[in-house]
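First up is the structure itself, then whatever we jot down about it.
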Amino acid sequence: AQSVAQPEDQVNVAEGNPLTVKCTYSVSGNPYLFWYVQYPNRGLQFLLKYITGDNLVKGSYGFEAEFNKSQTSFHLKKPSALVSDSALYFCAVMGRRALTFGSGTRLQVQP
Amino acid sequence: GAGVSQSPSNKVTEKGKDVELRCDPISGHTALYWYRQSLGQGLEFLIYFQGNSAPDKSGLPSDRFSAERTGGSVSTLTIQRTQQEDSAVYLCASSRDSPSNTEAFFGQGTRLTVV
C-alpha cells in the first residue's frame, strides 16, 4: 500500500523567512511525488512534481522540493515566504494506482 | 473546455435521497479521479478511471457509492440513500495519460450537504 504522511497540521512562519512543509512517503517501487496547494474556496492547484532526475525540483510561485530517497521524504521549501502563500498544502504520491494524498498542512504566513 | 468542470457547485439534499455529481474532464485526458474532502481535511480517494481499463473502485466507502465514465469522457458519481456523513466536497481530477507522467488537474468541486 502507498501512503503519505504530513506530520504538521499547521506551520507558522513570518513573512520573508524561509519555510519548510514536511512530507514523507511509503510506496513500492519508484515514487512519483507531487505537491498541491489549495487556497480558500479554490480548487487544488499543482505546484511541482518529482518523477526522476535531480533531487531538487523547482515549481510554481518560487516553491521547490527536495527528494531524499534514503529518508523517503519530499519536503516543500521556499526561501522567502509571502503572506499570499498562506494556504493548505498537500503532498501526494503515485504508486501503482491513483494519487494518494497526505492529510494536508496549513501554512500561515504572518506579516 | 479550459479546465475540469464539475456540476453542480453546491448541492443540498435530504437524507435518504439519491444524488448525481457530474465531472467534465479536460478534453483528451484519459485518466479521471474522484476524491472526497471533508471540512478542512485531506483528500480521500474514491475511484480512478484510466482509458478503457476497469476502474479502480477500491476507495468507494460503501455500496451506496458508484461511478461511471461514459465514452471515456464525462463521469458521474452517484450516491444512493444519502447519509449525513456523506456531506463533503467531492473533487474530480483528470490527467493526460498515465498519472505517473503528468500532473492531475482538479475541478472546483461539488459541495454536498445532506440535511
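In order, the protein sequences belong to chains Y and R. Everything in the first sequence is counted per the working numbering, starting at 9 for the first residue and increasing by one. Everything in the second sequence is counted per the working numbering, starting at 14 for the first residue and increasing by one. A virtual CB, placed ideally from N, CA and C, is assigned to each residue, including glycine.
Quick check: is the beta carbon of residue i nearer than 9 Å to any beta carbon in chain Y?
i        : result
Leu90/R  : no
Tyr61/R  : yes
Tyr103/R : no
Glu116/R : yes
Gly41/R  : no
Asp110/R : no
Asp37/R  : no
Asp76/R  : no
Ala15/R  : no
Can you check whether the C-beta of residue i is within less than 9 Å of a C-beta belonging to chain R?
i        : result
Tyr44/Y  : yes
Gln53/Y  : yes
Gly110/Y : yes
Leu66/Y  : In the sequence as presented, Leu is not what sits at residue 66/Y; that position holds Lys. False, the Cβ-Cβ gap to chain R never drops below 9 Å.
Lys30/Y  : no
Within 10 angstroms of the Cβ of residue i, are there 16 or more other Cβ atoms? Answer buried if so, exposed if not.
i        : result
Ser107/R : buried
Leu52/R  : exposed
Val128/R : exposed
Gly24/Y  : exposed
Gln97/R  : exposed
Ser68/Y  : exposed
Glu81/R  : exposed
Asp93/Y  : buried
Ala44/R  : buried
Ser88/R  : buried
Pro38/R  : buried
Are residue i and residue j close, meaning C-beta to C-beta below 9 Å?
i        : j        : result
Tyr48/R  : Phe62/R  : no
Glu72/Y  : Lys85/Y  : yes
Tyr40/Y  : Phe109/Y : no
Gly112/Y : Gly55/R  : yes
Glu57/R  : Pro74/R  : yes
Leu90/R  : Cys105/R : yes
What runs of the beta strand (DSSP E), each 3 residues or longer, lie entirely inside the segment 60–128 of chain R? The qualifying runs are 78–82, 88–92, 101–108, 123–127.
Along the segment 69–101 of chain Y, where does the CB come closer than 9 Å to a CB of chain R? Name the residues. Residues Leu96, Phe98, Ala100.
List, from N- to C-terminal side, the beta strand (DSSP E) runs of 3 residues or more that fit wholly inside the segment 54–105 of chain Y. Correct list: 64–66, 72–76, 81–86, 95–102.
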